[in-house]
Amino acid sequence: MSDKTENFSFTSFWKSNSPTRNVFFAILIGYIIASIISIARGGVGNFLDIFVISEDTLAIIGQSNDMVYNGHIYQLVTSVFVHVHILHFLSNCLFLFIFGLRAEERIIDSHYYIIFLISGILGSLLTLSFGPGTLSAGASGGIFGLLGVDLVLAYEETKRRSLWSYLGAGAIFLILSGGLNVNFLAHSIGFISGVLLPLFVFKKRKQRETEN
Numbered sequence: 059m060s061d062k063t064e065n066f067s068f069t070s071f072w073k074s075n076s077p078t079r080n081v082f083f084a085i086l087i088g089y090i091i092a093s094i095i096s097i098a099r100g101g102v103g104n105f106l107d108i109f110v111i112s113e114d115t116l117a118i119i120g121q122s123n124d125m126v127y128n129g130h131i132y133q134l135v136t137s138v139f140v141h142v143h144i145l146h147f148l149s150n151c152l153f154l155f156i157f158g159l160r161a162e163e164r165i166i167d168s169h170y171y172i173i174f175l176i177s178g179i180l181g182s183l184l185t186l187s188f189g190p191g192t193l194s195a196g197a198s199g200g201i202f203g204l205l206g207v208d209l210v211l212a213y214e215e216t217k218r219r220s221l222w223s224y225l226g227a228g229a230i231f232l233i234l235s236g237g238l239n240v241n242f243l244a245h246s247i248g249f250i251s252g253v254l255l256p257l258f259v260f261k262k263r264k265q266r267e268t269e270n
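Residue numbers (our numbering): 59 to 270.
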């Protein structure tokens with residue numbers, strides 16, 4: 059286990075440049091911005107509506123397939139950092155910490171960000187297959203990418219000992235997030251990319267190191 063884990067404390071974690079911390083702050087800022095826009099656009103009918111992002115707002119900074127078809131390609135990225143409501147946000151944050159902290163023990167920071175972003179964006183691209191009228195948002199695709207990394211590298215390190223615990227946590231995450239505006243296709247492609255990307259990245263790096 060790395061020194062980072064042995065000396066872990068919440069105080070040092072929040073002061074660190076941890077990729078998990080940075081991704082958390084990115085999606086927190088995304089949720090706050092979406093909430094402010096939603097409230098400003100009159101999307102509040104009662105107290106609980108404060109914690110729910112309106113469909114009009116999701117169509118602007120989440121992923122509206124109609125908007126993407128019309129050239130608003132940025133939504134493929136912004137939707138990864140936007141969440142539908144507070145429970146959606148909190149559940150994704152919980153599993154970001156569960157899978158992200160383990161992933162950052164095993165891969166360098168730049169690979170962490172690359173895997174999270176590519177997995178999330180691939181999830182957004184696959185969501186286009188649902189056709190017009192679809193609204194989608196959330197970091198689940200990227201988080202499933204981190205789960206894929208954990209499964210592959212944990213299996214390489216400890217074989218089957220860690221495999222079932224990660225599969226169990228992933229199943230719980232899938233169940234909790236299944237009813238939200240992030241679809242099973244986004245989850246699946248995020249997970250697959252998280253499995254495949256580290257395999258190819260680390261194989262190429264090892265090959266270069268051997269050749270040198």
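Backbone N, C-alpha and C define an ideal beta-carbon position, used for all residues, glycine too.
| What residue range is occupied by the uninterrupted alpha helix (DSSP H) comprising D167? | Run containing D167: D167 to T185, per the alpha helix (DSSP H) assignment.
| request: Identify which residue in R79, G181, S70 and I173 has its Cα closest to the Cα of F155. | output: The candidate whose alpha carbon is nearest that of F155 is R79.
| request: Measuring alpha carbon to alpha carbon, tell me which of L209, I119 and L211 ends up nearest G30. | output: Residue 30 is absent from the structure shown; the chain starts at 59 and stops at 270.
| task | Could you tell me how far apart the beta carbons of A195 and H141 are, in whole angstroms, since I believe they sit closer than 8 Å? | result | Taking C-beta atoms under 8 Å as the contact rule, A195 and H141 qualify, at a distance of about 6 Å.
| Per DSSP, cross-strand counterpart(s) of Q121 | Beta-bridge pairing links Q121 to S194.
| query | Tell me the DSSP bridge mates of H25? | reply | Nothing can be reported for residue 25, as the shown portion of the chain is limited to 59 through 270.
| In terms of DSSP beta bridges, what is V110 paired with? | DSSP links V110 through a beta bridge to H143.
| If we count the other Cβ atoms within 10 Å of its Cβ and call it buried at 16 or more, is V81 buried or exposed? | So V81 ends up on the buried side.
| To the nearest whole angstrom, what separates the beta carbons of G248 and G199, a pair I think is in contact under 8 Å? | Rounded to the nearest angstrom, the Cβ distance from G248 to G199 is 3 Å, consistent with a contact under 8 Å.
| query | What is the DSSP secondary structure of G103, reduced to helix, strand or coil? | reply | DSSP places G103 in coil when its eight states are reduced to three.
| query | Under a three-way DSSP split, which group does H130 fall into? | reply | Residue state for H130 is assigned as coil, using DSSP reduced to three classes.
| Using a Cβ-Cβ cut-off of 6 Å (strictly less than) and excluding sequence neighbours within five positions of T192, which residues of its own chain qualify? | The answer, listed in chain order, is N123.
| request: Check whether the Cβ atoms of P190 and Y132 lie closer than 8 Å to each other. | output: When the beta-carbon positions are compared, P190 and Y132 stay at least 8 Å from each other.
| field | Run of the alpha helix (DSSP H) containing N80, from where it starts to where it stops | value | Where N80 is concerned, the enclosing alpha helix (DSSP H) starts and stops at P77 to A98.
| CB-CB length for F174 against L204, believed under 8 Å | Contact flag correct, Cβ pair sits at about 6 Å.
| query | Cα-Cα, which of S187, I201, L145 and S70 is closest to Y170? | reply | Ranked by Cα distance from Y170, the options S187, I201, L145 and S70 are led by I201.
| query | Applying the criterion that 16 or more other CB atoms from any shown protein chain within 10 Å of the CB defines a buried residue, is G100 buried or exposed? | reply | For G100, the number of other beta carbons within 10 angstroms of its own is below 16, and it is reported as exposed.
| field | CA nearest to the CA of T185, picked from D114, S246 and G103 | value | Nearest of D114, S246 and G103 to T185, Cα basis: S246.
| task | Look at the alpha carbon of L152 and the alpha carbon of I172, and state the distance between them as a whole number of angstroms. | result | Cα to Cα, L152 sits roughly 20 Å from I172.
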